[in-house]
Amino acid sequence: MTLDKLLIIAAALFCCGLYTVMTRRSAVAVLMGVELILNATNINFVAFSFFLARVMGGQIFAVFVIVLAAAEAAVALAIFLRMFATTGTVEVDAADEMKG
Amino acid sequence: MIRYAYIIPLLPLASFFINLAVGKRLPRKGDWLSLATILAGLVMSIGIFLEVFGAYDPNFKYHVVTPWLTVGDRFTLNVGVLVDNVTAVMLLVVTGVSTLVHLFSIGYMHGDPRYNRFFAYLSIFSFSMLGLVLAESFFFIYVFWELVGLSSYLLIGFWFEKKSAADACKKAFIANRVGDFGFLIGTLIIFATCGGVLGYDQVFQAIGEGKLSGTLLTIAGIGIFCGAIGKSAQFPLHVWLPDAMEGPTPVSALIHAATMVAAGVYLVGRVYPIFTPDAFLFIAYIGFITLFIAATIALTQNDIKKVLAYSTISQLGFMIMGLGVGGFTAGLAHLTTHAAFKACLFLGSGSIIHAVHSQDLREMGALRKKMPITFVTFLIATLAIAGVPGFSGFFSKDMILAAALEFGMRNPQHYILFFGALFTAGMTAFYMFRLVIMAFFGEAKDHHKYDHAHESPPNMWVPLVVLAILSFSFWFKSPFVEKGWFQTLITKPATVANIAKAPAVPASMEHAAVMAPATEAGSAASHGTSAPAGTPQEARPVVHGESQEGASHGEPATAGAHAGAAEHDAHIAHTAHAYAMYSSVAIGTLGIFLAFVVYSFGWIDPARVANSVKPLYNFLLNKWYFDELYDKTVIGGSISFAKFLAWFDLTVVDGLVNLVAQLGVFASFLVGKFDNYVVDGAVNGLASATIGSGSVLRRLQTGKLYHYVFVLAGGALVIFLIKAF
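Order-wise, the sequence lines are chains P and G.
Note that the first sequence covers residues 2 to 101 in my numbering.
Note that the second sequence covers residues 70 to 794 in my numbering.
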């Protein structure tokens with residue numbers, strides 16, 4: 002198991018997340034895509050930390066990201082609930098009232 | 070008493086303010102206040118006169134000054150009082166006539182709606198006139214000069230509801246302004262050249278030192294005399310005085326006969342030393358023209374007050390001519406005597422008008438039976454003005470004629486002054502007796518008016534009696550002495566006009582021609598004793614001299630030579646006096662006789678005479694067409710000029726203003742366009758550019774999440790690519 006393989010896995014995961022975010026209409030699915038992207042970065046943090054720095058900084062940063070993702074998910078789900086209450090849907094296309 | 074002289078004018082001033090403010094609410098509407106103040110003035114004037122008379126000194130002089138206004142260290146304006154013999158006599162004349170006129174007015178103005186205002190005006194006049202008499206500088210005499218003009222204006226226009234009165238007061242004021250302007254110029258010349266002094270004494274001294282001489286001094290003298298031309302109604306400004314008779318008759322008596330019009334004469338007498346021989350000649354001829362013209366007009370007038378007005382102008386002409394020919398004493402004597410008898414005549418005419426309610430002589434007649442007191446006093450005053458011996462007019466007019474004859478004997482080319490004046494004295498007697506005969510003798514022409522005529526109440530006839538008594542000559546000169554007190558006390562002041570510095574010396578030429586032996590002796594003596602200043606100094610008094618002063622004013626060095634000249638002088642004066650007296654008595658008697666022949670005995674029918682010289686009669690009846698002439702020339706010219714100015718204003722000035730306005734409008738139009746298109750264009754352009762770019766850029770803001778993510782990812786990719794390669 003080398004750094005390259007880990008980075009490729011992370012990149013692949015990132016692309017999956019990005020694809021999900023770009024293609025899915027449902028806000029919940031978009032949120033899931035974002036979680037994928039966050040985890041891809043987590044892999045990068047941990048991998049770089051393990052192979053290059055030999056310190057625990059990267060791992061600790063990954064823990065922060067997970068915590069942050071949880072908080073983010075909570076906030077985002079709350080927003081989706083309000084959005085559903087006003088528009089009756091959680092499709093992101095519907096939330097375009099502020100478009101130019 | 071003389072120390073309190075300054076109080077005399079202040080009393081009427083106080084009365085003026087009180088009467089103006091609260092006169093209506095005072096008992097009797099305040100007439101007693103004016104009368105009391107002027108009466109107090111009269112008492113004080115008598116006191117001063119007695120003091121002066123007690124001194125019996127021709128050179129008596131009481132002069133106090135105190136600085137009033139100081140401008141830097143260059144100029145100090147003094148206020149002060151000057152009382153000499155002339156002033157003392159004038160004070161007596163002014164307060165005396167004024168008191169009697171106040172008394173007369175109480176009866177005459179009875180029941181007038183502006184009764185208190187009339188007395189207030191009389192008071193302000195008294196104040197101004199007394200101030201004028203007591204003034205000691207050119208400045209203050211000018212101030213009071215204008216004040217008497219103002220009070221004259223107010224009193225002529227007292228019945229301003231009448232259009233003729235309103236017009237007359239404006240005419241009087243404007244005519245006076247014309248003369249006063251000359252006075253102002255004369256004063257300013259003196260002020261400018263004499264080192265900024267205005268007191269009489271200071272000016273005389275400065276001129277004596279030669280600071281002002283020659284032609285400029287002549288001009289200054291004539292300028293000051295212009296003031297007298299206006300105020301004393303001399304030709305060519307005499308036209309206002311007859312119109313001034315629109316005022317109440319007591320006013321005519323006080324202002325337009327006795328005192329204010331005499332102010333011009335007083336002024337000439339007061340500044341006598343500054344006149345040059347040329348100026349004197351000018352004065353003499355103006356007086357001569359005036360006295361002749363006015364007398365001829367008086368011959369034909371039928372309005373009793375107009376006759377008296379023209380006679381006043383004529384008598385003022387006599388005074389002015391008297392002063393002009395060197396008869397200082399004569400002119401002032403005539404002023405004094407004229408004040409009494411002319412005030413009496415005017416108040417008498419007021420009494421007649423009061424009784425018959427008419428001013429037209431043709432509606433009177435036989436009034437002597439109805440109004441005996443008025444008749445007797447009027448007759449006495451008429452005898453005085455006609456120059457009948459024993460009356461005051463004879464005393465003074467005779468002196469003037471003598472001075473004119475003396476002047477003629479010295480300068481034969483000016484004999485016309487004497488003969489013209491003599492002829493006019495005859496005319497005076499004629500027209501005055503014409504007036505008396507038409508009013509008091511003969512048959513009543515208007516029976517209705519005659520039946521209603523009545524003698525005036527005592528407060529009106531008492532002044533008449535007093536004035537008539539003063540019209541006798543013994544007041545001025547006892548018949549048993551050669552020289553009365555008046556001639557002793559009022560003597561000609563020495564001239565200060567130093568004609569030696571004048572470029573042209575016509576007087577000396579005349580003098581040399583007429584009196585060759587005396588002059589040669591004089592100049593020889595002055596050369597011999599090396600007194601070069603002597604000759605020019607003595608030239609004046611000899612040519613223009615009243616004999617008795619010839620010697621006293623000569624230089625000591627030439628006194629001997631002068632004695633001869635003085636003797637010759639005295640001889641001429643004596644001869645002149647004798648001839649003048651006989652001829653004036655003769656022509657006066659002739660005039661009176663003619664008046665009786667024409668108007669009483671009916672030997673000559675005046676209407677036929679008038680018809681036979683119709684053009685001349687009409688010329689005189691219409692007052693030499695002076696009013697028409699001035700109407701055409703001065704007034705017409707002024708109106709044309711005003712119209713031209715109006716046209717100029719409307720066309721040129723307004724045109725310029727309008728042009729500027731048009732230019733402004735055009736410039737504004739351009740600026741507006743610039744604003745609208747350039748400034749607003751820039752602002753609007755910016756706005757529409759913002760809107761345009763906004764409407765383009767808004768398309769980026771799709772609201773589609775995946776668009777944003779796509780751009781985000783694309784951006785990241787681009788950055789990565791840039792970094793990688």
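Quick reminder that beta carbons are idealized off the backbone N, C-alpha and C, glycines included.
- Looking at the DSSP output, Asp429 (chain G) shares a beta bridge with G:Asp372.
- Nearest neighbour of Thr42 (chain P) by Cα position, chosen from P:Asp97, P:Cys16, P:Ala86, P:Arg55, turns out to be P:Cys16.
- Of all residues in the region 778-789 of chain G, only Val778, Phe779, Ala782 come within less than 8 angstroms of chain P when Cβ atoms are compared, listed by chain position.
- Secondary-structure assignment with DSSP links Pro136 (chain G) through a beta bridge to G:Asn147.
- Chain G places no beta carbon closer than 8 angstroms to that of Asp5 (chain P), leaving this residue out of the contacts.
- Counting along the chain, Pro81 (chain G) sits inside the alpha helix (DSSP H) bounded by residues 76-91.
- For Met314 (chain G), the number of other beta carbons within 10 angstroms of its own is at least 16, and it is reported as buried.
- Between Gly772 (chain G) and chain P, the shortest Cβ-Cβ separation is below 8 angstroms.
- Each residue's CA atom was taken as its position, placing Ile258 (chain G) and Phe227 (chain G) some 36 angstroms apart.
- For Arg25 (chain P) against Gly18 (chain P), the beta-carbon gap comes to about 11 angstroms, at or over 8 angstroms, which does not count as contact.
- In the DSSP assignment, Trp530 (chain G) falls within the alpha helix (DSSP H) that extends over 527-538.
- The beta-carbon of Val47 (chain P) is placed no less than 8 angstroms from the nearest beta-carbon of chain G.
- Assigned with DSSP and collapsed to three states, Ser206 (chain G) falls in strand.
- Annotation: Asn480 (chain G) is outside any alpha helix (DSSP H) and is labelled neither H nor E by DSSP.
- Here the C-alpha atom of Ile641 (chain G) lies approximately 15 angstroms from the C-alpha atom of Asp467 (chain G).
- Proximity of the region 346-357 of chain G to the region 278-295 of chain G meets the contact definition, three or more beta-carbon pairs being nearer than 8 angstroms.
- Any Cβ of chain P closer than 8 angstroms to the Cβ of Tyr775 (chain G) would place that residue at the interface, and such an atom is present.
- Nearest CB-CB separation between Thr24 (chain P) and chain G: below the 8 angstroms threshold.
- The C-beta of Met99 (chain P) comes closer than 8 angstroms to at least one C-beta of chain G.
- Annotation for Gly705 (chain G): the continuous alpha helix (DSSP H) segment containing it runs 705-717.
- Val134 (chain G) and Phe207 (chain G) have their C-alpha atoms roughly 14 angstroms apart.
- Identification of chain G residues near Leu19 (chain P) by a Cβ-Cβ cut-off of 8 angstroms yields Val778, Ala782, ordered along the chain.
- A direct Cα-to-Cα measurement between Val162 (chain G) and Ala331 (chain G) gives close to 10 angstroms.
- The beta carbons of Ser380 (chain G) and Ala367 (chain G) sit closer together than 8 angstroms.
- If you look at Thr24 (chain P), you'll find it in the alpha helix (DSSP H) that goes 4-24.
- Rounded to the nearest angstrom, the Cβ distance from Thr451 (chain G) to Glu524 (chain G) is 18 angstroms, too far for a contact under 8 angstroms.
- In chain order, Leu774 make up the part of chain G whose C-beta sits under 7 angstroms from the C-beta of Val31 (chain P).
- Beta-bridge partners of Ser27 (chain P) (DSSP): P:Glu92.
- Nearest CB-CB separation between Ala96 (chain P) and chain G: below the 8 angstroms threshold.
- Nearest to Val666 (chain G) by C-alpha distance, out of G:Leu769, G:Ser547, G:Met507, G:Asp749, is G:Met507.
- The beta carbons of Asp249 (chain G) and Trp214 (chain G) sit about 7 angstroms from each other, so the pair counts as a contact at 8 angstroms.
- In summary, Arg94 (chain G) is exposed, with fewer than 16 beta-carbon neighbours lying within 10 Å of its beta-carbon over all protein chains present.
- Per the Cβ contact rule, the region 127-143 of chain G is not in contact with the region 172-189 of chain G (fewer than 3 Cβ pairs under 8 angstroms).
- Residue-level contact by beta carbon fails for Val68 (chain P) and chain G, as no gap is shorter than 8 angstroms.
- At a cut-off of 8 angstroms between C-beta atoms, Val93 (chain P) counts as an interface residue with respect to chain G.
- Under the three-state reduction of DSSP output, Val565 (chain G) falls in the coil class, being neither helix nor strand.
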